[in-house]
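Here is the structure we will look at.
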Ligand code: ADP
C-alpha cells in the first residue's frame with residue numbers, strides 16, 4: 042500500500058508555507074476567532090505573507106471579522122483562490138461557501154473532515170510566511186485530522202485561547218492534554234476577556250430616576266470627572282467580569298508547564314473592530330486591547 046495520495050497532496054501544498062499556527066479553545070465564544078483575525082492582521086502589518094484558514098465549520102465568523110462578508114471563492118487552475126483583504130493577507134472559510142450566511146452548517150464528522158482535507162489540499166496560497174488556522178472549539182475528530190494532515194510538513198504549534206472562568210480553564214487542560222497526545226507543541230495560553238478596559242470612557246451611565254425611568258447621565262459623569270479628576274480618564278480599571286479567584290490562566294499555565302502569553306481585556310472597541318471587520322491596530326485606537334494583543338504577538 043503506497044502513501045495516502047491526499048496526504049501527499051497536502052504536503053505539497055504546505056511545502057510553500059513556512060509557519061503553521063493552530064488557534065484552539067476549549068469552548069466557543071471565548072474569542073478564538075477574534076484572536077485569529079487580529080493575529081493575522083498584525084502579522085500582515087509586519088509585512089509577512091499571511092493566510093488565515095477558518096475551519097470552525099459550524100460557526101464560521103472569520104469572513105465577517107475580516108470585512109469579507111458576501112465574498113466568494115474563485116477557482117483557478119492552481120486551485121481555490123483565497124479571498125484577499127490585502128495583497129499579503131488571504132482568507133479561506135466555509136463561510137464563503139454558504140449561499141445564505143444565516144444558514145447553520147449542520148454536518149456530520151466525515152463531511153467536515155473531507156472539507157478540511159480539501160481546504161488543505163486545494164487552496165492555492167502560494168508562498169506564505171504564516172498560515173493561521175482557526176480551529177473549531179473543543180477536541181474532536183476534526184482536530185486529530187487537522188494535526189495529522191498538517192503534520193506532514195510540521196506545525197509550529199497551538200495557541201489556546203480561554204477566558205478567566207473556571208469552566209473555561211478546565212477545558213484548557215483538556216486542550217493541553219490533547220496537544221500532548223497528538224504531539225503538538227503548545228505555544229502558549231491567552232487569557233481573553235480578562236478584566237474590563239476603562240469603563241469610565243467606554244460605558245454609558247444611566248441614572249434611575251425616582252419614577253423608575255432611565256436617564257442618560259454619561260456626559261454629566263465625564264464632565265464631572267474631567268473637571269475634578271481628569272487623571273481618572275487615563276486610568277485603566279480591571280473590573281473582574283468573570284470570577285478568576287482561582288488565579289486564571291497564569292496559574293493554570295504554570296501548573297501544566299505551558300507558557301502564559303498574556304491577558305487581553307474585555308474591550309468594547311475590540312468588539313466593534315471585530316464586528317466591522319477591521320484591524321484593531323490601525324485607525325481608531327482600541328483602548329488597551331490592541332497593546333495587550335501586540336505584546337502577546339511579540340512573545341510568539
Ligand atoms: P470564539 O471564536 O471563541 O467562538 P469569538 O472570537 O467569535 O469567539 O468572540 C465572541 C464575541 O466576543 C465576538 O462578538 C467578539 O467580537 C467578542 N470578543 C472577543 N474578544 C473580545 C474582547 N477582548 N473584548 C470585547 N469583545 C470581545
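Numbering (the UniProt record's numbering), first residue to last: 42 to 341. Idealized CB from N, CA, C, for every residue including glycine.
Check                                                                                                                : Outcome
For residue 234, the three-state DSSP class (helix, strand or coil)                                                  : strand
Pick from 157, 214, 224 that is closest to residue 177, judged by C-alpha positions                                  : 157
Any residue whose CB is nearer than 6 Å to a heavy atom belonging to the ligand ADP, listed in chain order           : 66, 69, 70, 71, 72, 73, 74, 75, 102, 233, 234, 305, 307, 308, 311, 312, 315, 330
Start-end ranges of the beta strand (DSSP E) lying completely within the stretch 211 to 266, minimum 3 residues      : 227 to 237, 247 to 249, 255 to 257
Distance CB(residue 173)-CB(residue 230) smaller than 7 Å                                                            : no
Exposed unless 16 or more other CB atoms sit within 10 angstroms - verdict on residue 55                             : buried
Under the three-state DSSP convention, the category residue 273 falls into                                           : helix
Inter-stretch contact at 8 Å, needing at least 3 Cβ pairs: the stretch 90 to 104 / the stretch 256 to 270            : no
Proximity winner among 213, 182, 122, 180, relative to residue 292 (alpha-carbon distances)                          : 213
Residue 198 vs residue 226 beta-carbon contact at 7 Å                                                                : yes
Span of the alpha helix (DSSP H) around residue 190                                                                  : 182 to 191
Under 7 Å between C-beta atoms of residue 132 and residue 123                                                        : yes
Cβ pair count under 8 Å reaching 3, the stretch 199 to 206 against the stretch 266 to 274                            : no
Start and end residues, alpha helix (DSSP H) containing residue 153                                                  : 150 to 163
Backbone CA spacing between residue 149 and residue 242 [nearest angstrom]                                           : 45 Å
Simplified DSSP assignment, three categories, for residue 203                                                        : strand
Unbroken beta strand (DSSP E) run spanning residue 133, endpoints                                                    : 130 to 134
Under 7 Å between C-beta atoms of residue 260 and residue 175                                                        : no
Where residue 82 sits in the DSSP three-state scheme                                                                 : helix
Sub-7 Å separation of residue 331 and residue 322 beta-carbons                                                       : yes
N- and C-terminal bounds of the alpha helix (DSSP H) containing residue 104                                          : 103 to 106
Own chain partners of residue 129 with C-beta closer than 8 Å, once the 5 adjacent residues on each side are dropped : 85, 88, 89, 90, 91
Residue 316 in three-state terms, based on DSSP                                                                      : helix
Close beta carbons around residue 182, own chain, < 6 Å, minus the five adjacent residues each side                  : 150
Backbone CA spacing between residue 70 and residue 42 [nearest angstrom]                                             : 43 Å
Status (buried if at least 16 other CB within 10 Å, exposed otherwise) for residue 319                               : buried
CA-to-CA distance, residue 211 to residue 154, given in whole angstroms                                              : 26 Å
Rounded distance between the beta-carbons of residue 236 and residue 67, thought under 8 Å                           : Going by Cβ atoms, the distance from residue 67 to residue 236 rounds to 20 Å, so no, they are not a contact pair.
C-alpha distance - residue 138 paired with residue 114, whole-angstrom precision                                     : 7 Å
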